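Here the structure comes first, spelled out in structure tokens, and everything after it is commentary.
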Amino acid sequence: MAKKVLLSGIQATGKLHFGNYFGAMKQNIDLANSGEYEAYIFIADYHALTTVKDKDLLISSTYEIAAAYIACGLDLTKAKLFRQSQVPEHTELTVVLNNVVTMPYLMRAHAFKDHEAKDKEVNVGLFDYPVLMAADILIYKADVVPVGADQKQHIEYARDIAGFYNRAWNVEEFPLPKEVILESVATIPGVDGEKMSKSKGNVISLFGSDEEVKKAVMGIVTDSASPEEKKDPHTNNIYNIHKHFLNDEEVLLLRTKFEQGGYGYKAAKDDLLITIMRWREGRKEVFDELMANPAKIQAILEDGGTQARAKAQLTIQEVRGQIGL
Ligand code: ATP
Ligand code: MG
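Add 69 to a position in the sequence shown, counting from 1, and you land on the number used in our numbering.
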């Protein structure tokens, strides 16, 4: 039987953080490395254009995502790692799919509604983001798309859009994709308690300098409870970040410390920092070494892109045949 297809993307919009790692990267790496999937992991540089108009930021973010995946253990013999823009078929399929999607349907998308609610300008790229994302998924006929909870609606859109296409041309071209969200990691809070996001800057970065990480951890927003007071771990940003690094037993121990009292926020932050620095051991060296050698990253992406494109071209050929292009 053919392997199931796994797909996942990260936008090249800034420094990677532990929300990206626990919400998406870790699952992708585990699933891809299991060898049970045909895995496509891409850097969403077309998507990033909706917000990034700085060439250097786009390029550095691209390299960082690639280097981070490798540093975190992605086995390149089991996954194709590439940039979205190496496979222009993503955009060709978007142009086709745009014709089965209505404006009111896209106006219900969270990202669009959020921008409208905040009176922010919406460019057409942002408005059409769900269709490009559907194309990302459908061009590889992905079965499984591991994402954080914030992306759930986009997967539902991709599923709808697959159906719209199949019905419009009366074909069975696209299978309906599923998301994979681990409930326990659904949304990692940032240092301000909002969703941790590259573009919000409320992050603890995976591979920033030690000073940067320390500053972020020490800046985690807490209430003003004194060290002696008992604390509810569930409403506590330090706990809600720290727990993702720990096994069940360690989580229980940490929870008990907060609940019993006598565990102040400063001590809790110091402990979290130790955990993070331990996580970075080994990984950070690999990351830094790759970042110092962009030609190597480039070669890895070239290779992944070539393989991914071969598959995307097969889908586009089928689509062209079905619709009369
Ligand atoms: P941006 O602010 O540019 O949207 P982002 O930090 O939200 O960046 P994305 O590139 O949009 O990151 O998302 C990459 C992956 O990381 C997605 O699968 C998304 O669900 C996941 N992710 C992002 N932030 C979090 C978070 N705080 N908790 C869990 N998963 C997250
Ligand atoms: Mg995002």
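Even for Gly, the Cβ is constructed at its ideal location relative to N, Cα and C.
Keep in mind that this is a model prediction, so the values were computed, not measured.
Check, Outcome
"Closest residue to residue 70 among 107, 81, 165 (Cα-Cα distance)", "107"
"Same chain, Cβ closer than 8 Å to residue 363, neighbours up to 5 away in sequence not counted", "132"
"For residue 107, three-class secondary structure by DSSP", "strand"
"Sequence-distant residues of its chain with Cβ nearer than 7 Å to residue 150 (five each side left out)", "110, 135, 138, 143, 369, 370, 373"
"Member of 100, 205, 354 whose CA lies at the smallest distance from the CA of residue 382", "205"
"Classification of residue 172 by the beta-carbon crowding that lies within 10 angstroms, buried from 16 upward", "exposed"
"Near the ligand ATP: residue 262 beta-carbon under 6 Å from a heavy atom", "no"
"Status (buried if at least 16 other CB within 10 Å, exposed otherwise) for residue 303", "exposed"
"Near the ligand ATP: residue 89 beta-carbon under 6 Å from a heavy atom", "yes"
"Inter-residue CB distance, residue 283 and residue 342 (contact presumed, cutoff 8 Å)", "6 Å"
"Cβ-Cβ distance between residue 231 and residue 76 below 7 Å", "no"
"Sheet register partners of residue 79 (DSSP bridge)", "112"
"Residue 152 (DSSP reduced to helix, strand or coil)", "strand"
"Any non-hydrogen atom of the ligand ATP closer than 6 Å to residue 79 Cβ", "yes"
"Any non-hydrogen atom of the ligand ATP closer than 6 Å to residue 222 Cβ", "no"
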